[in-house]
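**Q** So the protein lines, in turn, are chains Y and R.
Using our numbering, you'd call the opening residue of the first sequence number 5 and step up by one each time.
Using our numbering, you'd call the opening residue of the second sequence number 3 and step up by one each time.
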Amino acid sequence: DTGKKSNGSTTNHKNLSSQEVQIARETAELFKSNIFKLQIDELMKEVQLKDTKIAKIEKFLHKLHDIIESIPDLKDQSLEEVEKWVSTKSTAIPFNDPKPANVNYKFSYMKPENIAIVGSFGLKTGIQSSHGLSIDVNLTMPAEIFQAKDYLNYRALHKRAFYLGYLADSLNKAFKSEKLGFLKLSYKYLNDDILTPVLRLEATDINLESEYNFHKTKFSINILAGLPHGIFDSKKLLPNKNCIRVQKESEQLELPSTPLYNASILTMTSYDHYLKFLYKTKKSAEQFKEACILGRLWLSQRGLGASIEKGGFGHFEFATLMAALLNGGGLQGNKILLHGFSSYQLFKGVVKYLASEDLAQEGFVQFYSGSTEATRYIKGGFNTPTLFDKSTKINILHKMSNNSYKLLVHHAKKTLVLLNDVFKDRFDVLFLQNSNQDHLKFDYVVNFQIPLANDEDYQFGPFEKITHLTFENFISNKISFLLQYGLGDRLLGFDICFNRASTFDITSRKPKTSNTINARIGLLINAAESEKLVIKGPAETDEESLQFRAFWGSKSSLRRFKDGSIVHSVVWVSDHKKPIVISAMEYILKRHLKEELEVTSTITEFNKLLPLPNLPSSTQQTTISTVATNSLVKSYDDLHKILIKMELPLNVKSVLPASAGLRSTSLLQPVPFSVSSPDFFNELVVQFESSVKWPDEISALEKVKTAFLLKIHETLAKETVYKSYVVQDQESIPYNFDICTLNVLTPEGYGFKLRVLTERDEVLYLRAIENSSKEKRVAVESIYFKFNQKYLGAVSHTRHITSLSHRFQFFSPTVRLFKKWLDDQLLLSHFNDELVELIALQPFLDPSQYEAPGSIQNGFMKILSFLSSWNWKEDPLILDLAKNQDEEENEIVSKLSDRLTLQTYQQIKSNFQSVRQQDPNGLKIQFFIASKIDQSGKLWSSGVQLPMAARLTALAKVAVQLIKTKGLNSSTIDLLFKPSLSDYDFVLTVKSPFALGAGSGVLTNAGAFKNLIAQNNSYPQDITSRFDPVVKLVQILNSKYKDIILFSSHKYTINEKNHNVITGLFVPSKLAKSKFKVQLGYNCRPHLNDEVILNKDAIFNEILNISGDLASDFDKK
Amino acid sequence: MSVPQEIKGFQVVPVTLSPSKFLKTKEPVKHYMYIKKHQSNTDKELAEKSLFLVNPPLASTLSSMKTFFKSIAPESLIENYFLNDEDLDYQINLTKLTSELYDDEQDTKTNAFKLPNGCALVVFVDKSAANLAFTKIKKYSKSAKELIQWPEYQESASIRFAKMFQQDYLSTEAISERVSAALLDFDRREAEAQ
C-alpha cells in the first residue's frame, strides 16, 4: 500500500518537473530568483500611479490645453515694444544674462505647433513618490518665430524667454477669469540649467472643492517651451563648436567651444523626438517600462537625478542608455541587451554596462535615436562622460561632470555586487532603502561659503562664462580639478553641490542672487591612502615640477627620500582633530580660491570626542594611529618570550591575547602605568603542553592551575623585574570559586592578566551540563558560555578583530567612538566588549550599497543607522569575517579562503530559527550575531538583559531621527552623547576620591596645558589603591539587588570632575504588593494583612549608606 | 495606617536607618526585619538557640547584630551570625557535577546552613538566651516609641572598597598553603575512591 502511494507521488513529481520546474528555472534565470520576481511584481504594483489621481490630473491637463489654445498671438515685437509690454505687467521675462540689448530681431508669441505630454508621464514610467511627480508638457514653438542663425548668441533663447513670459502672463490672466485661483505659477530652471527656464505650475490647497484642483495628487506641471525639431543645423551645435561669440583679446585666440549651450539648444528641439524614441523602444521590448521604473527607483534612492546638482543622470538618461543598448553597445555594435530580456535582466544589464565600460576616458557610446543603425562603443573618450546621439548631435550625458560620473560608476559597481549576492536578499537596499543621506554616503562632508564680491578673483572671465554658463558650474569644475590634483589617490570620489536656487517668482527675471554661495563637498575616502603624510611629486628636472610647485606654493619643498630620489614633495602634519584630507583640502581651497574661506566639517567634532592617550605628542597623532597599541603589543611579545622560555613542570605552549587593548579596540588607548583604567589589565590565556595528569574535577583542576601560576610568579620574581600577584577571580565564571589569575606588571608599565586553560576544562564544563538536572540545565549551560567566552571565544575574537582592524583602518577608532557613545549613554556596562565590536563590524563587513567606512563619523553614523533599522527578532546578523567586498567571485579562491560558505550560512540561519522557535520574541536572546567562529550566534549576547537590548535600538532610533530632522552639527552631536537621565527611577551621582581620568592615562584638557600634564612613570606603592572604587560599589549593588533593580553606570570616568552616575530601574513586576514569603528575597515593608510591598525608601537609604563618602547627589522620580 | 506586628508567624521588627543628607525625607527611613524562632529537623540543637531573620538590613554583620540585640536584650549573648546575601543556587555545584569523588556527606552537613537568599540566622549562646531575645523583640515591636537606629558602617566607603580590592590580591603564602591543602585533600579522596 505504501509503495503505491510513494509511486503516485513520484509520478506527480515527474509531472511537475516537466513543465513547472522548467518555468521555475527560467524565472530564476530571468529574475535572479523566484522571490526576486515576486518582489519586483509587488513593487510595481505599489509604485504604480493611482488611476484616480491620473484621472484628476488629466482632467486639468485638458483644461490647460484649452486655455493655452485660446491665448491670442502677439507677433513681431521689437525689443523696445517688448520692454514696454513688460513695464505694464507684473510678469517678468526670464531673459538670460546678458539680457538682450540693441537687437534687431523680433519677438513673437504664436499658438504652439504642438502641445504634448513628454517625459516619464508621457512614457507611463512615472511612479508614486512622497515628493510628487512633475509632468512635462511641451509646447513646440512655431518655426516662423525663428531664423536660421538664431542658434547663435542666445537669440533663440531670448525669443523663447519672451514666449514663456508672454505665456505666463496670459495664463495668469486666464486662471483668474476661469476661477482657477488655486494655481501657482513660477519659473524654474529645468534640471538646474539656467538656459532652460520653464513654467512650473502647482495647485495649492485653496479652492480644494474645484473639480480641477489637483493639489492632493501631489503632481506638478512643467510647461516647457520647445523649439521645432531640426530647426537649426545640428552640426553647428556639436559639442566642440562655439556658438556664443564674445570679444577676443587677440585675433590668435580661438573661441572656446560651448558644449553646455549647444546641448541645451538641441535638447529644446528634441523633447517630442525622445519621447517617440523611447516609446518605440517600449513597444518593442516588453519589459522596458518596468526596467525604467526599477532604474528610476534605484537612482532616486541614491539621490541621483537629471539635475546638475544631482549629478545629471536621471530617469531620462537611464532610459535612453537602456534603449541605446537594446540596439547594440558593443565594439562591433553587438547587442548588450535583448528585447526579450526581463526587467531584472535589462536593469542589471544597464548597471553592469555602467560598472564595466568607461564612457569618459577610454571611450564613449554612440547611438542613433532617429534610425535603426547599431549603437557602438567607440574607443577613445572625450574626457567627459559621453553618450552621443548621432541623430540629434546631443551628448545625453552633457549635464554630468567627471566626478558625478565617477560616483555613478561607483554606485553601479556596488549594485552589481549586490545583484550577484547569492547569500542575502538585497532587494531592500537595491530599491527600497533611501541611501541618500550625506553622512552615510560620504566619509566627510565639508561646507564653506564662497564670497562673490569680485568675479576676477576667481578668473571667471568671458571665455569661462560661455563654456560653463554659471559661476557654480565653473567653480565646481575648478574645485574638481583642485581635488583631483591635490588629493588624488586619497579619494575614491567626491560630490560638489551648491544649493542652487532653481525656482523663482514670475515677477523676476532670474533668481535672487546673494553675495555668497554655499558649497558642500562630500568626500569618499580611500582609507588606505587618506592619512598619508607625504605627497611625492616630480623631480626638479621634470616638466611637471613647475605645475607642482605652483599648485602647492610654499608647502612644496625638495626632499631626498630613502631610495635616493630627490623630488618635490609636500609633507603634512597629522593632528588628532583634523584628518589630513581635510587639512590638505582646506589648504588647497584657500590657496586657489580665496584665502578667507572658512572650511568646516563635523568630523572635528567627532574626533574631539575620542579620549586622547596621555602620551608624548598624542595631539599630533591621527585617529587611526596605532602607536599606543604597538607599545602594548611589544610589551606582550616580551612577556610571551619570557613565559615560553620559563622552566616549569610543564612548558608553556602558548600565551594568547584576549583583550580589547591588544586588539586595539579599547575605548582608552593603552598608556603605561595607567592602573586606574578599566582596561589596564590585558587578559592572556596561557596553555601548557598537554598532559594526562590534570585532575578530573573542576576545583582541584583550578588549584593545580593556581599552583602553576604561583610557580610563574616565583620565577618572575626571582629572574626578572616583572611584578606579579595572584588574584582571585570570582567574577568571570559563576559558581567556579576557585579561579585565580596572575596579574603581571611589566617594567614598561603595562598590565597583563594570565589565566590558564587546559585541555580538561571544556570537557569538565560539558560534563557538568550533562550531569545537571533538567531544571538547572540552562543555568549550567550559561556557566559553560561564560567559560567559552573567557577562555576560548575571546582568544579567537581577538585574533580575528586584530586582522580586521589592519584591513579596515577606521575600524578601531570607530569602535572607540561607538563605545564612547554607549558608555555616555550608560549602556556599555551592559554589553561585553566583544558584542559591541561585532555590532560595529557590520558596516565594515557588509557595507552593502556604500563603501566600508572611511571615517569615524561615517562608521559611527552607519552603526546607528543599522541599529535603528535592524529587527533582531526576525533577522539574524551573520558576519563574514573573511569576505573582501567587491572581490570578484572566484570559486577556487573562495573555497580556499576563510570565507563563509553558503552551507555555513544556511546552517547559521537554521540555528537562528531554532533559537527563535524557543524564544520567538527574543526575550532571552535578543541579539543573534553569528560568524564562522561562532555559529551559535549567542556566544556574546546571551545574558544581555532585554530592557538594555531594547534601549540600544530605541536610542539609535532617536539618534537617527534627531540627525534626520536637525542635521549633523555640533549641537546635535552634543545631544547624541548626552544621556537622558530622566528615564531612570533614580540617579545616584558619585565622585571618585582621586583623579581617575589621569590615572587611566587620558590626556585631560587637551591642548590647554598639555605641557603641564605629567605622565605617570611608575606604579603606585599599592596598585589597588588606584582602582576605581565605584566598580566595587556597582558590583555590590548588583549582587544585592540583582532581581529588583537594573543598575547602569559609566564604565569609564574620564571627566574632570571625577563624576560617575549610578542609575536604577526597578523591575516592574517587583513593584506590586505581594504575599509575604521567606524566599521573597527583596527589601519589603508590611502592607495589609500578610501582604508586603517593596520598601523603596529603605532601599534608597541603604544604597546611599553603602555609597557613603562616594555619594555626591541623589535624585529619584 | 497601622503596621501589622506579625505576618505569618513572623514578628515585624522595624528599625531606622542612619539618615543620608541626600535623601530628602522628613523622618528617618524605616526598615523592617521579620523574625521568628528557628526551626530545623536536621540540627535541632542549633535551631533552638537561634532566631531566623528575614530581610536583615544591608549593613548587617555579626558586630552590628550584637549591637542591635544589646539594646533590646542585653542579657542574651550572641555566638554567631549567618547571612545569605549571595543569591546563589545551592543546587549548582560544579565540583559535584564534574566529579564522582565529591563527598556527599559533607554536602548534607553544610546544607543545614543553606539559608534562603536575604535571610539570616542569629545564633545565641543557649536556648534561653534565644528565647529571651525573642520575647524582648516582640515587646519592642509592639511598644517601641523610639525605634532603634541600625548601626552605621564603621569605615568610610572608599576605605571599604579599597580593602575589597586588596582582599582580591592574595598573599602568596596563604594561597600556596590553600592550594597544597586542597590538592592533598583531592589526592586523599582519589586514593580512597580507588
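Ideal Cβ placement from N, Cα and C applies to all residues, glycine included.
Nothing here was measured: the structure is a model prediction, and the numbers come from that model.
Contact check, Glu50/R vs Lys144/R under 8 Å by CB: the rounded distance?
**A** Position 48 of the second sequence, counted from the start, is the residue given in the question as residue 50/R. Position 142 of the second sequence, counted from the start, is the residue given in the question as residue 144/R. Taking a contact as a CB-CB distance under 8 Å, the pair Glu50/R and Lys144/R does not count as one, their CB atoms being some 24 Å apart.
**Q** Please confirm whether Ser238/Y and Lys397/Y have their CB atoms less than 9 Å apart.
**A** For this step, residue 238/Y is matched to residue 234 along the first sequence. For this step, residue 397/Y is matched to residue 393 along the first sequence. Their beta carbons are under 9 Å apart, which means Ser238/Y touches Lys397/Y by this criterion.
**Q** If you run the structure through DSSP and keep just helix, strand and coil, what is Phe685/Y?
**A** As a working mapping, residue 685/Y is identified with position 681 in the first sequence. Note: Phe685/Y maps to strand in three-state DSSP.
**Q** Thinking C-beta only, is Val603/Y closer than 9 Å to Lys594/Y?
**A** Along the first sequence, read from residue 1 onward, the residue named residue 594/Y stands at position 590. Along the first sequence, read from residue 1 onward, the residue named residue 603/Y stands at position 599. The answer is yes: Cβ separation under 9 Å.
**Q** Could you check what DSSP says for Leu660/Y in three-state terms: helix, strand or coil?
**A** As a working note, residue 660/Y is residue 656 in the first sequence. Of the three classes helix, strand and coil, the one that applies to Leu660/Y here is strand, per DSSP.
**Q** Going along the segment 559 to 574 of chain Y in order, which residues come within less than 9 Å of chain A, judged by CB to CB distance?
**A** Protein chains in the displayed structure are Y and R, and chain A is not among them.
**Q** For Leu643/Y and Leu660/Y, which I take to be in contact (beta-carbon distance under 8 Å), what is that distance rounded to the nearest angstrom?
**A** The sequence position of residue 643/Y within the first sequence is 639, counting from 1. The sequence position of residue 660/Y within the first sequence is 656, counting from 1. Distance from Leu643/Y to Leu660/Y at the Cβ level is roughly 12 Å; contact not present, criterion being Cβ atoms closer than 8 Å.
**Q** Between which two residues does the beta strand (DSSP E) carrying Thr221/Y extend?
**A** Indexing the first sequence from 1 puts residue 221/Y at position 217. That residue, Thr221/Y, is in no beta strand (DSSP E); it is neither H nor E in DSSP.
**Q** Closer than 7 Å, Cβ to Cβ, to anything on chain Y: give me those residues from the segment 163 to 192 of chain R, in chain order.
**A** Phe163, Ala164, Met166, Phe167, Gln168, Asp170, Tyr171, Leu172, Thr174, Ile177, Ser178, Val181, Ala184, Leu185 and Phe188
**Q** Which whole runs of the beta strand (DSSP E) in the segment 412 to 436 of chain Y are 3 residues long or more, in chain order?
**A** none
**Q** Would you call His66/Y buried or exposed, if buried means 16 or more other Cβ atoms sit within 10 Å of its Cβ?
**A** One-based indexing of the first sequence puts residue 66/Y at position 62. Label assigned to His66/Y: exposed.
**Q** My output table needs one value for Glu1106/Y: the three-state DSSP class, helix, strand or coil.
**A** Taking the first sequence and counting its residues from 1, one reaches residue 1106/Y at position 1102. If DSSP states are grouped into helix, strand and coil, Glu1106/Y belongs with the helices.
**Q** Should Arg771/Y be flagged as near chain R, meaning a C-beta pair shorter than 9 Å?
**A** In the first sequence, the residue the question calls residue 771/Y occupies position 767. It does; some Cβ of chain R falls within 9 Å.
**Q** For Thr419/Y versus Gln52/Y, is the C-beta spacing smaller than 9 Å?
**A** Counting from 1 along the first sequence, the entry for residue 419/Y is found at position 415. Counting from 1 along the first sequence, the entry for residue 52/Y is found at position 48. No, they are not a contact pair.
**Q** So what's Leu212/Y in DSSP terms, helix, strand or just coil?
**A** For the purposes of this step, residue 212/Y is identified with residue 208 of the first sequence, where counting begins at 1. The answer is coil: DSSP assigns Leu212/Y none of H, G, I, E or B.
**Q** Do three or more CB pairs link the segment 554 to 570 of chain Y to the segment 614 to 627 of chain Y at distances below 8 Å?
**A** no
**Q** List the whole-angstrom C-beta distance separating Val748/Y from Tyr726/Y, where the pair is believed to meet the contact cut-off of C-beta under 8 Å.
**A** Here residue 748/Y is taken as the residue at index 744 of the first sequence, counted from 1. Here residue 726/Y is taken as the residue at index 722 of the first sequence, counted from 1. Correct: roughly 6 Å between the Cβ atoms.
**Q** I want to verify the contact list: residues of chain R whose CB lies under 7 Å from the CB of Thr1028/Y, in sequence order.
**A** Position 1024 of the first sequence, counting from 1, holds the residue named residue 1028/Y. Under the 7 Å cutoff, chain R gives Ala164, Phe167, Gln168 and Tyr171.
**Q** What is the rounded straight-line gap between the Cα of Tyr155/R and the Cα of Leu123/R?
**A** In the second sequence, counting from the first residue as 1, residue 155/R sits at position 153. In the second sequence, counting from the first residue as 1, residue 123/R sits at position 121. Taking C-alpha positions only, Tyr155/R is separated from Leu123/R by approximately 20 Å.
**Q** Under a CB-based cut-off of 9 Å, is Ile37/R close to chain Y?
**A** Here residue 37/R is taken as the residue at index 35 of the second sequence, counted from 1. Judged by the 9 Å Cβ criterion, Ile37/R is not in contact with chain Y.
**Q** On the DSSP letters alone, give me the boundaries of the alpha helix (DSSP H) that Ser549/Y sits inside.
**A** Position 545 of the first sequence, counting from 1, holds the residue named residue 549/Y. Note, Ser549/Y: alpha helix (DSSP H), Ser549 to Trp556.
**Q** So Gly11/R and Lys38/R are supposed to be a Cβ contact under 8 Å. How far apart are they, rounded?
**A** Taking the second sequence and counting its residues from 1, the one referred to as residue 11/R is at position 9. Taking the second sequence and counting its residues from 1, the one referred to as residue 38/R is at position 36. So it is a contact: roughly 6 Å between Cβ atoms.
**Q** In angstroms, rounded to a whole number, what distance separates the CA positions of Tyr278/Y and Asn973/Y?
**A** Position 274 of the first sequence holds residue 278/Y. Position 969 of the first sequence holds residue 973/Y. Cα-Cα distance, rounded: 44 Å.
**Q** CB Val449/Y to CB Leu527/Y, shorter than 9 Å?
**A** Here residue 449/Y refers to the residue found at position 445 of the first sequence. Here residue 527/Y refers to the residue found at position 523 of the first sequence. For Val449/Y and Leu527/Y, yes; Cβs fall inside 9 Å.
**Q** Applying the 10 Å Cβ sphere with the 16-neighbour rule, what's the burial state of Tyr381/Y?
**A** As a position in the first sequence, residue 381/Y is number 377, starting the count at 1. Buried is the call here.
**Q** Between the segment 225 to 237 of chain Y and the segment 532 to 549 of chain Y, can you find at least three pairs of beta-carbon atoms closer than 8 Å?
**A** no
**Q** Which residue marks the beginning of the beta strand (DSSP E) containing Arg564/Y, and which one marks its end?
**A** Locating residue 564/Y in the first sequence gives position 560, counting from the first residue. Start and end: Ser560 to Arg564.
**Q** I'd like to know whether the C-beta of Tyr34/R is nearer than 9 Å to at least one C-beta of chain Y.
**A** In the second sequence, counting from the first residue as 1, residue 34/R sits at position 32. So, interface residue.
**Q** Run down chain Y in chain order and give the residues with a C-beta less than 7 Å from the C-beta of Asn57/R.
**A** As a working note, residue 57/R is residue 55 in the second sequence. Those are Asn1087 and Cys1088, listed as they occur along chain Y.
**Q** So, Arg524/Y versus Phe555/Y, is the Cβ gap smaller than 9 Å?
**A** Reading the first sequence from its first residue, position 520 is the one you call residue 524/Y. Reading the first sequence from its first residue, position 551 is the one you call residue 555/Y. For Arg524/Y and Phe555/Y, no; Cβs fall outside 9 Å.
**Q** Between Thr710/Y and chain R, is any beta-carbon pair separated by less than 9 Å?
**A** Mapped onto the first sequence, residue 710/Y falls at position 706. So, interface residue.
**Q** In whole angstroms, give me the CA-to-CA distance for Thr379/Y and Phe371/Y.
**A** Counted from its first residue, the first sequence places residue 379/Y at position 375. Counted from its first residue, the first sequence places residue 371/Y at position 367. One Cα belongs to Thr379/Y, the other to Phe371/Y, and the distance between them is close to 4 Å.
**Q** For a test of the three-state rule: what should DSSP assign to Cys247/Y, helix, strand or coil?
**A** Residue mapping note: residue 247/Y aligns to position 243 of the first sequence, counting from 1. In this structure, Cys247/Y counts as coil in the three-state DSSP scheme.
**Q** Could you give the uninterrupted runs of the beta strand (DSSP E) lying entirely in the segment 126 to 213 of chain Y, keeping only those of 3 residues or more?
**A** 137 to 144, 187 to 193 and 201 to 207
**Q** Give a yes or no on whether 9 Å exceeds the smallest Cβ distance from Tyr155/R to chain Y.
**A** Working through the second sequence from its first residue, we reach residue 155/R at position 153. Closer than 9 Å: yes.
**Q** Rank Pro851/Y, Phe822/Y, Leu831/Y and Asp850/Y by C-alpha distance to the C-alpha of Glu841/Y and give the top, closest one.
**A** Numbered from its first residue, the first sequence carries residue 841/Y at position 837. It is Phe822/Y whose Cα lies nearest to the Cα of Glu841/Y.
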